[in-house]
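For the record, the sequence lines run as chains F and D.
With UniProt numbering as the guide, the letters of the first sequence map in order to residues 1 to 549.
With UniProt numbering as the guide, the letters of the second sequence map in order to residues 1 to 509.
Just so it is clear, CB atoms sit at the ideal spot from N, CA and C, and this is done for glycine as well.
Down below is the structure, laid out as structure tokens.
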Amino acid sequence: MVTTSTIVEDYSQSLSDLTFNSRPIIENLTNIAQENKDEAEGILEAVKGRIKKAIPQHKLFALYLLDSICKYVGNPYNILIEDEIFKLYTEVFTLVDDFSRNKMMNLFETWKQTKLKNGSNLFSSLEMDKIAKFLANYKKASALRTQDSKVKDIDSQPLSNQALIKQIDVLIPILRRKRKESPDEVRLSEKLNALDALRAILSSQKLQGNELQAIQAQLRTIKQQYNASPSPTPAVINVTGSSTPVLSNNNDNNNNNIQRLSPISDVMDPANELFNNLINVGLIFADKPLKTGSELVYKLVFPRNKYTVTNDMSYQLIAQQYPQLSNTTLYEQKKFTELAKIQSSINDNPQNFLKTYNPYSGKNIKLLGLLYGAKGAPCALCGKRFSSDPEGKRLQTLHLDWHFRLNKKLGSSGNTSGANNSVIQSRNWYLNDYEWVDFRDSELLETSTDTNKGTTNKSGGEAELPAVPEKISYVVVVGDLSNNCSICREHVNATFNDSVGDWCWMNCIQVPGSDNPRKIVHVSCFNEANSKKRSGDQDSPIKSKRGKY
Amino acid sequence: MSLPGFSKEHEAKYGVTNTITIPPMSEWRFEVPHKNIVKVKVTKGIGEIFGTELAIGYEYQFLGVKYGLFVPPQQVENLEEVVTADGDEIEGCTVEFTLIENTDHSSYSSESIQFIEYISDDTESMKQYLSLHFMLESLREQAKFQLMLNRVQPQLGPRVLILGNDNLGKTTLAKILSGYAWKGGNVPILVNLDPQEGVFSMPTSLTAVGVSDRFDLESCGGYGTTTTSNVTLHNPKQPLVKNFGFFLVDENPDLYKLQTEKLSLAVLSRLKEDEECRYGGIIVDTPSSLKKNLDLLDTIVSDFEINVIVVLDNERVLVDLKRKFQHKLRALTIVKVPKSGGILDADSDGRSKRLQQQQMVREYFNGNFKLSLSPFKTEIVINDYVFFKVLEKVEDFNQFLPSTDSFAGDDDDEAGGDKADDKLKDSHEDKYYSLIELPTESDLENCVVAVTHLPLAGYTIKALLKASVLGYIHISKVDDDKGRAKVLLPFPGNLQKNVLIVTKLSYTE
Numbered sequence: 001m002v003t004t005s006t007i008v009e010d011y012s013q014s015l016s017d018l019t020f021n022s023r024p025i026i027e028n029l030t031n032i033a034q035e036n037k038d039e040a041e042g043i044l045e046a047v048k049g050r051i052k053k054a055i056p057q058h059k060l061f062a063l064y065l066l067d068s069i070c071k072y073v074g075n076p077y078n079i080l081i082e083d084e085i086f087k088l089y090t091e092v093f094t095l096v097d098d099f100s101r102n103k104m105m106n107l108f109e110t111w112k113q114t115k116l117k118n119g120s121n122l123f124s125s126l127e128m129d130k131i132a133k134f135l136a137n138y139k140k141a142s143a144l145r146t147q148d149s150k151v152k153d154i155d156s157q158p159l160s161n162q163a164l165i166k167q168i169d170v171l172i173p174i175l176r177r178k179r180k181e182s183p184d185e186v187r188l189s190e191k192l193n194a195l196d197a198l199r200a201i202l203s204s205q206k207l208q209g210n211e212l213q214a215i216q217a218q219l220r221t222i223k224q225q226y227n228a229s230p231s232p233t234p235a236v237i238n239v240t241g242s243s244t245p246v247l248s249n250n251n252d253n254n255n256n257n258i259q260r261l262s263p264i265s266d267v268m269d270p271a272n273e274l275f276n277n278l279i280n281v282g283l284i285f286a287d288k289p290l291k292t293g294s295e296l297v298y299k300l301v302f303p304r305n306k307y308t309v310t311n312d313m314s315y316q317l318i319a320q321q322y323p324q325l326s327n328t329t330l331y332e333q334k335k336f337t338e339l340a341k342i343q344s345s346i347n348d349n350p351q352n353f354l355k356t357y358n359p360y361s362g363k364n365i366k367l368l369g370l371l372y373g374a375k376g377a378p379c380a381l382c383g384k385r386f387s388s389d390p391e392g393k394r395l396q397t398l399h400l401d402w403h404f405r406l407n408k409k410l411g412s413s414g415n416t417s418g419a420n421n422s423v424i425q426s427r428n429w430y431l432n433d434y435e436w437v438d439f440r441d442s443e444l445l446e447t448s449t450d451t452n453k454g455t456t457n458k459s460g461g462e463a464e465l466p467a468v469p470e471k472i473s474y475v476v477v478v479g480d481l482s483n484n485c486s487i488c489r490e491h492v493n494a495t496f497n498d499s500v501g502d503w504c505w506m507n508c509i510q511v512p513g514s515d516n517p518r519k520i521v522h523v524s525c526f527n528e529a530n531s532k533k534r535s536g537d538q539d540s541p542i543k544s545k546r547g548k549y
Numbered sequence: 001m002s003l004p005g006f007s008k009e010h011e012a013k014y015g016v017t018n019t020i021t022i023p024p025m026s027e028w029r030f031e032v033p034h035k036n037i038v039k040v041k042v043t044k045g046i047g048e049i050f051g052t053e054l055a056i057g058y059e060y061q062f063l064g065v066k067y068g069l070f071v072p073p074q075q076v077e078n079l080e081e082v083v084t085a086d087g088d089e090i091e092g093c094t095v096e097f098t099l100i101e102n103t104d105h106s107s108y109s110s111e112s113i114q115f116i117e118y119i120s121d122d123t124e125s126m127k128q129y130l131s132l133h134f135m136l137e138s139l140r141e142q143a144k145f146q147l148m149l150n151r152v153q154p155q156l157g158p159r160v161l162i163l164g165n166d167n168l169g170k171t172t173l174a175k176i177l178s179g180y181a182w183k184g185g186n187v188p189i190l191v192n193l194d195p196q197e198g199v200f201s202m203p204t205s206l207t208a209v210g211v212s213d214r215f216d217l218e219s220c221g222g223y224g225t226t227t228t229s230n231v232t233l234h235n236p237k238q239p240l241v242k243n244f245g246f247f248l249v250d251e252n253p254d255l256y257k258l259q260t261e262k263l264s265l266a267v268l269s270r271l272k273e274d275e276e277c278r279y280g281g282i283i284v285d286t287p288s289s290l291k292k293n294l295d296l297l298d299t300i301v302s303d304f305e306i307n308v309i310v311v312l313d314n315e316r317v318l319v320d321l322k323r324k325f326q327h328k329l330r331a332l333t334i335v336k337v338p339k340s341g342g343i344l345d346a347d348s349d350g351r352s353k354r355l356q357q358q359q360m361v362r363e364y365f366n367g368n369f370k371l372s373l374s375p376f377k378t379e380i381v382i383n384d385y386v387f388f389k390v391l392e393k394v395e396d397f398n399q400f401l402p403s404t405d406s407f408a409g410d411d412d413d414e415a416g417g418d419k420a421d422d423k424l425k426d427s428h429e430d431k432y433y434s435l436i437e438l439p440t441e442s443d444l445e446n447c448v449v450a451v452t453h454l455p456l457a458g459y460t461i462k463a464l465l466k467a468s469v470l471g472y473i474h475i476s477k478v479d480d481d482k483g484r485a486k487v488l489l490p491f492p493g494n495l496q497k498n499v500l501i502v503t504k505l506s507y508t509e
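What follows is the structure, given as structure tokens:
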């Protein structure tokens, strides 16, 4: 048997361990207090002594213990301490720093809300009013002080990992309690683990400002929710009979009004939301196979360095919503899913990834397949692949049309005249910097709706001209009626053409590649000049193959 | 079985069609001299050459190439089906090839290279190139979704720079990476900074081009054509061309630096404005000398906002780079990949490179066997135009001598100019180009001349340095007495009155 004094002695011994906000210690000490209600007075003395003697930074934790004992065990502790609670509270309050004061105000809020098992209040309303009045005075005094700096404080205060850790600390107990309540819920444990790990990241790694801000922003939203309607903390306490104050918050607004109790679902929402946001910002990676009914797998993403962290965040932000995004094709979704699997190992160590990754192995073959089978069967004529989703089908149709047009065009020219005189084709000039920057490659493709694609640059208009049969070639007069052929220098006189309804230089074409509408050549001169040039190459065996295609 | 040049050489007889089956994850490597043409037809399976898949049943014609036809694992074609080990079915890619003589170019018969082909299963490099591609894809994907998170500033896809020695396959890797990127649904900008290559342009140029379609393996260099006045069998591409004028960076590093900077400006502007290209990023192919000139490399890395450097098979360079870019390593990933096992260093005299350069000029004007182009021969009055020439890096005193032909020709550029000279030169715009005041036969004949975008009227050197290339002409004959020159234009018409720059690329028809 243990003697009375031994228990109290041990108890006060253990109290000296309370130099940080340790849930296990507080829980343990609360349990001891519950088991030894006979020693209530001695234990309370010890706790009181601890609160008074501890250095200011540690006072809060002892106060939490007291709070825990009163809430969890209740009678006789809350009755015994009731008379002194105001004194204790105010004493501590005046000695501690602003942060702890906020905590204490939160603590007080919970006192007001908490009902014991028998339905009575934690402390008598008389004592509570005294504390309320005290706090009101304090707030009035500090309001003046903080008013000016408040806005600045919130915005300019450099976000630190510490601050965020504290905020996460708030959520962990909520989740823990929830888990205790329904141990079957696997996801809760997962979430909890994830939060723990996130906390580990925050305490071990330096994150970028905007990431911190992202997290902070989410936390702030939750805080606002707390302010707006529910007061989740008391509700949790009420339901579970747990002890530790769970809402820690350095936002003064939080304490301005008494909040009503809220249903449990509301309580869980912020936690879920934060968790989702953590996923969204990429600190927790949720991999969900596209199959229905498959479980989400949570994994922590350890940022490799500042640079890619930003990328990770964006990437993961979309991770969840991705399949729902309407403007992505099936192919893109597949690609996204497959790439997500290798992302972390790439970010981890790119060199190692290159050395060890086996694109041929069974589990990676899908990613490799994105370059082949996933894009659909290759075009029989040129080997180009089009994905099997609607967008790919559309492009494929355009592609086949293009083959058809092309074959028709080349077939007719190739068969009728061996010399290919009817199609004169020359290389275009290149673009200048500005044109090139504004140029869009889609104009070059067969899938472009503009049939003249590939020729749409400054000398673009020439495309049709060479195809026009010789006899009806003409150039509509611009300026003076008389002109010269640029090749033979012969004089060309304009004639009025009825079918055109304008003055024309007949049998002439505008010089391809020239902007000057007055620069013309005879079609015959043009063709002659070209065939002369080409005749030197006629013997080439490769050249004569041309008709084949 | 696969000793290059031995086992199968005797089989490759003219006109005989050979059928081979290449097992998955192997590569059929073949080297075709310019004096031969090889016709290749894939009859079954997937075969790809440097990231570009071949069509089944289409007969390709290659000459003057060193290609590797890679066969991916069979399963990639049909992902849903479980591939069973069917003993009767021979997996892989079946190819028919026929070697014929290229009767067109008798001058090529002096070539020492023979047609070589063999199958190799040493494809570790391909594996890593694929992994590298997936790594870049992952970065592209990240960039794509950055926009959704942060709507203010769109993120660019990866900017990759490839470094390595000569003949290690830098250009091949660039081709593979851009080919795959295109397959993945992106449009990367392929930047060629190696003036010895002509990428959609003449050698001596620096180019940037959006890879919006497959490469045309049959064209010279295996890239494809630029736009023409009519439709082409293969979709053309639209490059931006900057003139460098030399084959080697060392001949005028200042001009090189200037032109790469201008090129990077355009490329990054394009990337920022063009949603199609933005996520594809940039793939930069470099000359081998760049790895020695770390300061120049540093400039290029900054100019193109490079964030991935790929070193080909050189541990030493990797270490050097990591040291050099230590301050940037947070934003810069440097990785090493092996060279392909198919690399042959047979071309020590650079002869086949020169042959290819000649062929490129030819193809620019005349097209190739698939695409017959009509250039235009005409005469110009030399005095109607202004000719500049690219200025070799010279010792300072030479700068102030009349810059006629003989002096510049005799200059020995290995002196290199010391730092003080460089500083002095910095104040001069004429360290890049110099005006040929009285162009004569020896200045112009047989030269390929770059036509700039800068009109003659009221031109300034400053504007000339900014101007990119409009196209190329070839001067075949100069008549000093009459002051006229016979020129070959890419298309019919008069040569527009723009400033011309004579490059070091010569060509005889």
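Along the alpha helix (DSSP H) that carries residue i, what are the first and last residues, could you check?
{"i": "Val92 (chain F)", "result": "77-95"}
{"i": "Leu255 (chain D)", "result": "253-273"}
{"i": "Gln359 (chain D)", "result": "351-366"}
Under the rule that 16 or more other beta-carbon atoms within 10 Å means buried, what is residue i, buried or exposed?
{"i": "Asn118 (chain F)", "result": "exposed"}
{"i": "Lys87 (chain F)", "result": "exposed"}
{"i": "Ile116 (chain D)", "result": "buried"}
{"i": "Val469 (chain D)", "result": "buried"}
{"i": "residue 550 (chain D)", "result": "What the structure shows of chain D is the stretch from 1 to 509, and residue 550 (chain D) is not part of that stretch, so it cannot be assessed."}
So, with DSSP's three-state summary, where would you put residue i?
{"i": "Gln196 (chain D)", "result": "coil"}
{"i": "Ser262 (chain F)", "result": "Since pLDDT at Ser262 (chain F) reaches only 37, below the 50 mark, its modelled position is unreliable, and the value read off the structure follows with that caveat. Three-state DSSP puts Ser262 (chain F) in coil, outside helix and strand."}
{"i": "Trp505 (chain F)", "result": "strand"}
{"i": "Asn415 (chain F)", "result": "Summary for Asn415 (chain F): the model assigns pLDDT 41, below 50, so the residue's position carries little reliability; its value from the coordinates is reported in the next sentence. Here Asn415 (chain F) sits in helix by DSSP."}
{"i": "Ala143 (chain D)", "result": "helix"}
{"i": "Gly493 (chain D)", "result": "coil"}
{"i": "Gly185 (chain D)", "result": "coil"}
{"i": "Thr503 (chain D)", "result": "strand"}
{"i": "Glu101 (chain D)", "result": "strand"}
{"i": "Thr456 (chain F)", "result": "For Thr456 (chain F), the predicted structure reports a pLDDT of 37, less than 50, and the residue's modelled location is therefore unreliable. A value from the coordinates is still provided. In the structure shown, Thr456 (chain F) sits in coil (DSSP, three-state: anything other than H, G, I, E or B)."}
Between which two residues does the beta strand (DSSP E) carrying residue i extend?
{"i": "Lys44 (chain D)", "result": "36-44"}
{"i": "Ala208 (chain D)", "result": "205-210"}
{"i": "Arg387 (chain D)", "result": "Arg is not the amino acid found at residue 387 (chain D); the sequence shown has Phe there. Element bounds for Phe387 (chain D): 387-390."}
{"i": "Ile475 (chain D)", "result": "469-479"}
For chain A, find out if any of its Cβ atoms is closer than 9 angstroms to the Cβ of residue i; answer yes or no.
{"i": "Lys363 (chain F)", "result": "Structure shown: chain A not included; protein chains present are F and D."}
| message | Three Cβ pairs or more, each shorter than 8 angstroms: is that satisfied between the stretch 59-74 of chain F and the stretch 95-109 of chain F? | response | Taking 8 angstroms as the limit for Cβ pairs, the verdict is that the stretch 95-109 of chain F does touch the stretch 59-74 of chain F.
| What are the residues of the stretch 64-76 of chain D that lie near chain F, defined by any Cβ-Cβ distance shorter than 8 angstroms? | For the stretch 64-76 of chain D, the residues whose beta carbon sits under 8 angstroms from a beta carbon of chain F are, in order, Pro72, Pro73, Gln75, Val76.
| Counting Cβ pairs closer than 8 angstroms, one from the stretch 375-390 of chain D and one from the stretch 494-507 of chain D, do we hit at least three? | They touch, by the three-pair rule.
| said: Would the stretch 288-301 of chain D count as touching the stretch 202-220 of chain D if we require 3 or more Cβ pairs under 8 angstroms? | reply: Three or more beta-carbon pairs separated by less than 8 angstroms are not found between the stretch 288-301 of chain D and the stretch 202-220 of chain D, which leaves the two stretches without contact.
| query | Which of the residues in the UniProt domain "CID" (3-139) of chain F, read from start to end, lie with their CB under 9 angstroms from any CB of chain D? | reply | So the list is empty, because no residue satisfies the distance condition.
| query | Do the stretch 48-67 of chain D and the stretch 27-38 of chain D make contact, defined as three or more Cβ pairs closer than 8 angstroms? | reply | Yes, they touch.
| query | If contact means a Cβ-Cβ distance below 7 angstroms, which residues of the stretch 198-223 of chain D contact chain F? | reply | Listed by position, the residues of the stretch 198-223 of chain D near chain F (Cβ gap below 7 angstroms) are Gly210, Ser212, Asp213, Arg214.
| Contact between the stretch 20-27 of chain D and the stretch 122-135 of chain D (3+ Cβ pairs under 8 angstroms) | In short, these stretches touch, since the Cβ pair count reaches three.
| task | Could you tell me whether the stretch 158-173 of chain D touches the stretch 310-323 of chain D, where touching means 3 or more Cβ pairs closer than 8 angstroms? | result | Yes, the stretch 158-173 of chain D is in contact with the stretch 310-323 of chain D.
| task | Identify each residue in the stretch 376-399 of chain F for which the Cβ-Cβ distance to at least one residue of chain D is less than 9 angstroms, and report them in chain order. | result | So the close ones are Ala377, Pro378, Cys379, Ala380, Leu381, Cys382, Gly383, Lys384, Arg385, Ser387.
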